[in-house]
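Heads up: the structure comes next, in structure tokens.
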Amino acid sequence: MRKRNIVFILSAGFMLASCENKAPTTPVTYFDSTAESIYGKISDFSKENSNLKVGDELTFKVKANQDFFVESVTNNGKAATLVNSISDSEKVYKVTLEAGKNKLAATYSVDPSIDFVDKFKLNIDQATFDKVMSSKSLTTASDQYFDFRKDGIELMNLPNNNKGFINYVDGDTTHVKTMNYGYTVKIRYLGIDTPESTSEIEEWGKSASLYNKSVFESAKYVILQSQGWARGDTVKAATADGNQRSLAYVWYTTNANPTLNDFRCLNLEMVYQGFSQGIGSIEEMGEYFYKTFDKANLSAKANLRHQYSGKKDPNYYYYDDKSPFFDDYVREISLKELYLSGTATNTTDSKFVDGKTLYKIHGYVSRKIKGAFYIQDKADYGRKEGDPLPEAYGLYVFTYAQTDIKVGDEVSVIGQLSVYGGCYQIQGISYSTLNPDLQRDTQILTTGNKIVPIPMTIDEFNSDKAYNNVLITLKEKVYSFNKTKSWQGVTQVEAEGGVEEVNKYNEKYPFYNTDNKIIFYAKVGNKDTGKEIRLVKDKDILVKYGTEYSRSYKFFTGGTSYYNPKGAEKIYPTVDNEDPNLIVTTYKAKEFNFTGILGNYVSSSGKTQKYTFNITHSADITNLGEIA
231 MRKRNIVFIL SAGFMLASCE NKAPTTPVTY FDSTAESIYG KISDFSKENS
281 NLKVGDELTF KVKANQDFFV ESVTNNGKAA TLVNSISDSE KVYKVTLEAG
331 KNKLAATYSV DPSIDFVDKF KLNIDQATFD KVMSSKSLTT ASDQYFDFRK
381 DGIELMNLPN NNKGFINYVD GDTTHVKTMN YGYTVKIRYL GIDTPESTSE
431 IEEWGKSASL YNKSVFESAK YVILQSQGWA RGDTVKAATA DGNQRSLAYV
481 WYTTNANPTL NDFRCLNLEM VYQGFSQGIG SIEEMGEYFY KTFDKANLSA
531 KANLRHQYSG KKDPNYYYYD DKSPFFDDYV REISLKELYL SGTATNTTDS
581 KFVDGKTLYK IHGYVSRKIK GAFYIQDKAD YGRKEGDPLP EAYGLYVFTY
631 AQTDIKVGDE VSVIGQLSVY GGCYQIQGIS YSTLNPDLQR DTQILTTGNK
681 IVPIPMTIDE FNSDKAYNNV LITLKEKVYS FNKTKSWQGV TQVEAEGGVE
731 EVNKYNEKYP FYNTDNKIIF YAKVGNKDTG KEIRLVKDKD ILVKYGTEYS
781 RSYKFFTGGT SYYNPKGAEK IYPTVDNEDP NLIVTTYKAK EFNFTGILGN
831 YVSSSGKTQK YTFNITHSAD ITNLGEIA
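Numbered according to the working numbering, the sequence shown spans residues 231 to 858.
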């Protein structure tokens with residue numbers, strides 16, 4: 231008993247001491263944790279943020295910005311009480327203040343009924359619009375009309391209005407020709423990034439690509455607008471991305487006699503339809519464009535459009551769903567079977583191109599360009615002098631992924647078959663070095679195989695029976711030359727490319743085809759009467775002759791090239807004004823022997839079809855010299 235009394239007395243003493251040293255009461259404060267929101271604001275607080283105590287009632291107004299509704303209001307995560315609903319966009323709430331900090335927060339929802347693409351207008355004045363719409367096809371430069379490269383705005387030449395050229399790449403990339411001067415612009419849409427549908431195949435990628443195509447097919451007019459124009463910058467000239475595609479906002483209309491307000495922004499449309507999120511910042515896009523793209527994305531989510539629908543993409547094949555297209559998930563075929571089943575000049579000619587079936591194909595890596603590579607059915611066809619041409623079949627493997635696959639590897643690749651430029655290619659491949667999926671990933675079977683090109687004479691070259699994507703070496707010497715053609719009374723060089731080219735359609739404001747492959751023509755056997763061939767070399771393959779490098783088709787064909795190291799998007803020199811930034815180089819035409827990939831080529835317009843030799847490595851050009 232005595233021990234228990236002692237314990238009680240000590241405890242009581244402790245409690246008394248605790249009461250005497252009690253900490254002071256925590257101050258009561260409140261703050262708006264969403265004060266930086268671009269969608270709305272909290273204001274009109276009934277009490278000052280001082281001398282507050284627990285249990286005080288605080289009222290305040292929450293007002294959404296234009297095109298938004300007030301969705302919810304909380305204090306420390308607990309729902310606030312609605313006092314008065316002035317409108318969907320303006321409401322009064324109250325909360326009972328708690329001890330310590332009171333964290334007020336408001337969330338907002340976009341008005342799902344608004345067509346933000348229709349509300350969004352082309353931000354140029356009427357005089358600029360009139361000048362844009364006055365464009366017409368020219369062969370020489372004129373300040374009377376806009377030039378996209380220099381001015382950052384121009385009307386495009388569409389099939390609908392002037393039998394213009396167009397090449398649909400995917401949901402955010404399209405190639406078109408300008409109305410003035412007729413040069414090709416490779417457009418990369420600003421502010422968006424749609425799912426992949428070329429080298430890789432992603433859900434909603436093909437659907438985005440088809441939607442993009444449908445807009446162009448229905449459009450009567452398309453205007454390109456640079457980022458400088460959109461932001462209201464002083465410098466409005468076109469700029470390019472890392473792949474040297476022209477960055478632009480694309481404005482279109484289906485109206486045959488449009489006004490300025492009839493144009494809709496296709497970039498924004500892709501976001502509004504749920505094919506892409508907006509990817510730019512306020513600094514990059516400007517406030518007007520950024521906020522509108524954000525609204526469009528919220529609208530796509532609110533209306534459950536495409537990527538946000540929760541539904542399966544009708545143009546994407548889900549390989550967990552078995553179908554008659556499959557033999558146990560993947561169909562294995564040989565390169566020989568692929569080519570002997572019909573000519574591949576377009577997708578309708580081939581039973582293998584369906585956008586669904588995965589094919590497993592075996593081959594040897596003959597050449598590699600960045601991530602992509604070529605395979606063929608044998609490493610060495612064993613051709614000797616006097617032997618007939620052997621059977622040989624090859625395939626281009628299209629991927630941007632960087633792998634450890636190298637020339638000489640024996641591989642099996644799995645992906646979808648498609649047709650590009652008149653040749654089969656395989657895309658949508660997968661590769662893993664750690665845990666490869668034998669049912670899906672590319673496999674390296676053996677390494678170090680010696681790839682021996684097939685020797686061929688020019689007389690043996692026959693465009694009707696030539697190899698597709700097979701490595702050959704041409705036994706005779708090649709003599710390059712400038713091939714010309716005439717159109718509408720104007721003579722032009724037919725092929726061009728590389729980083730040093732002046733726009734042949736617009737000599738007053740030169741630009742540089744920094745993404746173009748170097749294309750040139752040559753004659754084989756005899757420099758004057760030999761058989762004509764077409765050659766293509768990637769701009770990154772630097773062939774050296776003395777102090778010269780092959781950055782221009784004129785390195786091979788001869789002539790003068792113009793190069794501005796500052797870049798075309800920054801400087802638009804005039805050839806005749808001796809701009810100090812302009813590097814002028816004169817070349818003499820070259821002769822050489824070479825090894826390369828032989829393949830069919832069909833132009834994007836479908837008007838040109840011929841076989842092409844692709845030079846994929848600098849060491850494949852030998853005995854390089856000047857034509858006497």
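C-beta atoms are modelled at their ideal positions from N, C-alpha and C, and glycine is treated no differently.
Close beta carbons around residue i, own chain, < 6 Å, minus the five adjacent residues each side
i	result
Ile591	Val643
Asn533	Pro342
Asn305	Val325, Asn332, Leu334
Gly330	Thr256
Gln537	Trp434, Gly504
Ser553	Residue placement at Ser553 cannot be trusted, given a pLDDT of 49 that sits under 50; what the coordinates show is reported in the next sentence. Closer than 6 Å at Cβ, skipping near neighbours: no residue.
Val682	Asp610
Ala574	Because the pLDDT at Ala574 is just 46, under 50, the model does not fix this residue reliably, and the value given afterwards should be weighed accordingly. Contacts found: Ser580, Val649, Tyr654.
Val237	Low local confidence applies: a pLDDT of 36 at Val237 is under 50, so the model's placement there is unreliable, with the coordinate-based value given in what follows. If we look at Val237 and ignore the five residues flanking it on each side, it has no Cβ neighbours.
Gly652	Thr575, Asn830, Tyr831, Val832
Ile702	Pro683, Ile684, Met686, Leu828
Phe555	Note that Phe555 has pLDDT 46, beneath the 50 cutoff, so the model's placement of it is unreliable and the number below is only indicative. Closer than 6 Å at Cβ, skipping near neighbours: Lys586, Thr587.
Other residues of its chain near residue i: CB distance less than 8 Å, five sequence neighbours each side excluded
i	result
Ile656	Tyr589, Ile591, Leu625, Tyr626, Val627, Phe628, Val643, Gly645, Gln646, Leu647, Ser648
Asp471	Arg418, Leu477
Phe244	Caution is warranted here: a pLDDT of 37 is assigned to Phe244, below 50, making its placement in the model unreliable, and the coordinate value is therefore given only provisionally. So the list is empty, once near-sequence residues are dropped.
Lys680	Ala609, Asp610, Gly638
Leu854	Val773, Tyr775, Lys820, Glu821, Phe822
Beta-carbon proximity of residue i to residue j, cut-off 8 Å
i	j	result
Gly760	Tyr792	no
Phe350	Val362	no
Arg475	Thr403	yes
Val292	Ile272	yes
Tyr817	Gly776	no
Ser367	Gly412	yes
Ala335	Thr259	no
Glu621	Tyr546	no
Tyr783	Ile749	yes
Asp355	Arg494	no
Lys713	Gln722	no
Ala565	Asp617	The residue asked about is misnamed: residue 565 is Leu in this sequence, not Ala. No; because the gap between Cβ atoms is not below 8 Å, this pair is not in contact.
Lys705	Thr687	yes
Asn698	Asn844	no
Thr289	Tyr338	no
Tyr482	Gln455	no
Asn387	Val399	no
Lys769	Gly728	yes
Residue i, buried or exposed, once every other Cβ within 10 Å from all chains shown has been counted against 16
i	result
Asp557	For Asp557, the predicted structure reports a pLDDT of 49, less than 50, and the residue's modelled location is therefore unreliable. The matter cannot be settled from this model.
Leu312	exposed
Phe785	buried
Lys393	exposed
Asp373	exposed
Glu287	exposed
Ala309	exposed
Glu615	exposed
Ile851	buried
Lys600	exposed
Glu724	exposed
Arg548	Per the sequence presented here, residue 548 reads as Tyr, with Arg not at that position. Its Cβ having fewer than 16 others within 10 Å, Tyr548 is exposed.
Glu856	exposed
Ala858	exposed
Gly826	buried
Tyr569	buried
Asn473	exposed
Thr464	exposed
Same chain, Cβ closer than 7 Å to residue i, five either side skipped, listed in chain order
i	result
Thr663	Asp634
Lys636	Val595, Lys598
Glu799	With a pLDDT of 44 at Glu799, under the threshold of 50, the predicted position of this residue should be treated as unreliable, though the coordinate-derived value follows. For Glu799, where only same-chain residues beyond five positions count, the Cβ hits under 7 Å are Ala467, Ala468, Thr469, Ala470.
Leu772	Tyr779, Ser780, Ser848
- Task: Determine contact between the region 663 to 676 and the region 579 to 586, defined as no fewer than three beta-carbon pairs at a distance below 8 Å.
- Result: no
- Segment contact flag, the region 434 to 448 with the region 375 to 385, C-beta cutoff 8 Å, min 3 pairs: Below 8 Å, too few C-beta pairs join the region 434 to 448 and the region 375 to 385 to call them touching: fewer than three.
- Task: At 4 residues or longer, and completely inside the region 346 to 433: list those alpha helix (DSSP H) runs for me, N to C.
- Result: 346 to 349, 356 to 363, 378 to 381, 389 to 392
- Query: Three or more beta-carbon pairs under 8 Å between the region 489 to 504 and the region 313 to 323, yes or no?
  - Reply: no
- Item | Contact the region 319 to 337 vs the region 283 to 299: 3+ CB pairs below 8 Å | yes
- Task: Assess, as a yes-or-no matter, whether the region 523 to 542 is touched by the region 505 to 512 under the definition of 3 or more beta carbon pairs within less than 8 Å.
- Result: yes
- Item | Those runs of the beta strand (DSSP E) which lie wholly inside the region 747 to 804 and span at least 3 residues | 748 to 754, 761 to 767, 789 to 793
- Query: Taking only runs of the beta strand (DSSP E) that begin and end inside the region 668 to 708, which ones reach a length of at least 3 residues, in chain order?
  - Reply: 673 to 676, 684 to 686
- Query: Which ranges would you report for the beta strand (DSSP E) in the region 244 to 323 if only whole runs of at least 3 residues count?
  - Reply: 259 to 262, 270 to 273, 287 to 294, 298 to 305, 311 to 317
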